[in-house]
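What follows is one structure encoded as structure tokens, with my remarks underneath.
Numbering (the numbering used here), first residue to last: 527 to 818.
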């Protein structure tokens with residue numbers, strides 16, 4: 527093994543450690559993938575997680591002020607773009623991501639909107655509908671598109687198929703982000719001073735508002751579910767697993783009174799996650815849109 531091969535391996539092991547320690551849900555879903563696809567997804571997750579941590583408090587807790595946080599994010603983006611062009615970074619997480627980006631065709635068309643949304647977290651505290659849509663696209667929908675690029679990297683996809691798959695990937699990313707916004711509404715407001723949903727605050731979160739937001743989330747989940755069967759089988763099962771984790775979260779959020787969402791972060795117990803995974807692995811849960 528030459529030195530570059532060793533470096534590539536260490537970089538990708540570092541990326542895999544990020545998803546294992548930060549996310550039970552995505553970590554479990556990624557394990558269903560083929561080894562190569564799993565590594566690419568780990569590499570993508572690590573990059574977006576580290577960028578998110580820069581703007582979500584880790585840098586501030588380390589003593590950086592707002593200007594220094596922005597400078598850190600700007601440098602992280604610049605290093606990412608350079609690594610995508612050259613295939614090398616001294617930052618192990620960025621290096622791992624660049625390996626996947628170059629192999630799967632991920633470009634600045636995806637990374638630029640992502641970093642733009644991360645930058646919005648530094649400066650913006652409330653959103654109108656246009657700002658909200660832009661933020662969700664950059665922070666979540668393009669991540670879905672990056673994952674889609676991994677899943678279809680070795681396949682010929684027609685223009686019609688591509689259009690449908692893109693819609694599904696964007697819808698799933700949007701649903702994930704909106705679920706997190708809703709269950710973290712109080713923490714985002716109190717801890718980070720942010721309010722993502724236009725016109726929705728702790729004071730205005732009623733049952734009617736909660737259910738309206740969940741109707742939108744469930745529509746995104748349904749749109750994504752309808753495209754899952756078009757993916758390669760290992761990807762379809764992994765995406766179905768992640769989808770069903772968040773569908774279960776949506777069910778639990780709907781069952782929780784609006785004011786209860788402000789008191790505790792709703793979670794899916796690990797026992798339920800394993801049951802969902804078993805249904806998919808055993809074929810009990812078909813990889814197509816459910817009847818309801």
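Idealized CB from N, CA, C, for every residue including glycine.
Next on the checklist: Measuring CB atoms only, is the segment 606 to 625 touching the segment 537 to 548, in the sense that at least three cross pairs come out at less than 8 Å?
Outcome noted: yes
Checklist entry - What is the DSSP secondary structure of residue 556, counted as helix, strand or coil? => result helix
Item to check | C-beta atoms of residue 599 and residue 644 nearer than 8 Å | outcome: yes
Checklist entry - Thinking just about the alpha-carbon of each residue, which of 729, 718, 706, 765 is nearest to the one in residue 807? => result 765
Next on the checklist: Would residue 523 and residue 747 be called neighbours here (beta carbons separated by less than 8 Å)?
Outcome noted: Residue numbering for the chain in the displayed model covers 527 to 818; residue 523 lies beyond these limits and cannot be assessed.
Checklist entry - Going by C-alpha distance, which of 771, 786, 680 is nearest residue 555? => result 771
Checklist entry - Going by C-alpha distance, which of 590, 760, 593, 640 is nearest residue 607? => result 640
Item to check | Residue range of the unbroken alpha helix (DSSP H) whose run includes residue 612 | outcome: 592 to 612
Checklist entry - What number of angstroms, rounded off, separates the C-alpha of residue 534 from the C-alpha of residue 553? => result 21 Å
Checklist entry - Is the Cβ-Cβ distance between residue 648 and residue 592 less than 8 Å? => result yes
Next on the checklist: DSSP has residue 733 in a bridge; who is on the other side?
Outcome noted: In DSSP, residue 733 forms no bridge with anything.
Checklist entry - residue 587 to residue 650, Cα distance in whole Å? => result 19 Å
Checklist entry - What number of angstroms, rounded off, separates the C-alpha of residue 804 from the C-alpha of residue 812? => result 12 Å
Checklist entry - Do the segment 689 to 698 and the segment 664 to 680 touch if we need at least three Cβ pairs shorter than 8 Å? => result yes
Item to check | Classification of residue 810 by the beta-carbon crowding that lies within 10 angstroms, buried from 16 upward | outcome: exposed
Checklist entry - What separation, rounded to the nearest whole angstrom, lies between the Cα atoms of residue 697 and residue 531? => result 36 Å
Checklist entry - Going along the chain, which residues of its own chain have a beta-carbon closer than 7 Å to the beta-carbon of residue 653, five neighbours each way excluded? => result 661, 722, 724
Item to check | Residues near residue 778 by beta carbon distance below 6 Å, same chain, minus five either side | outcome: 792
Item to check | Helix, strand or coil at residue 652 according to DSSP, with G and I counted as helix | outcome: strand
Next on the checklist: Considering only the alpha carbon of each residue, which of 684, 634, 656 lies closest to residue 668?
Outcome noted: 634
Checklist entry - Any idea what DSSP makes of residue 626, helix, strand or coil? => result helix
Checklist entry - If you check the beta carbons only, do residue 670 and residue 699 fall under 8 Å apart? => result yes
Next on the checklist: Just verifying my parser: in three-state terms, what is the DSSP assignment at residue 721?
Outcome noted: strand
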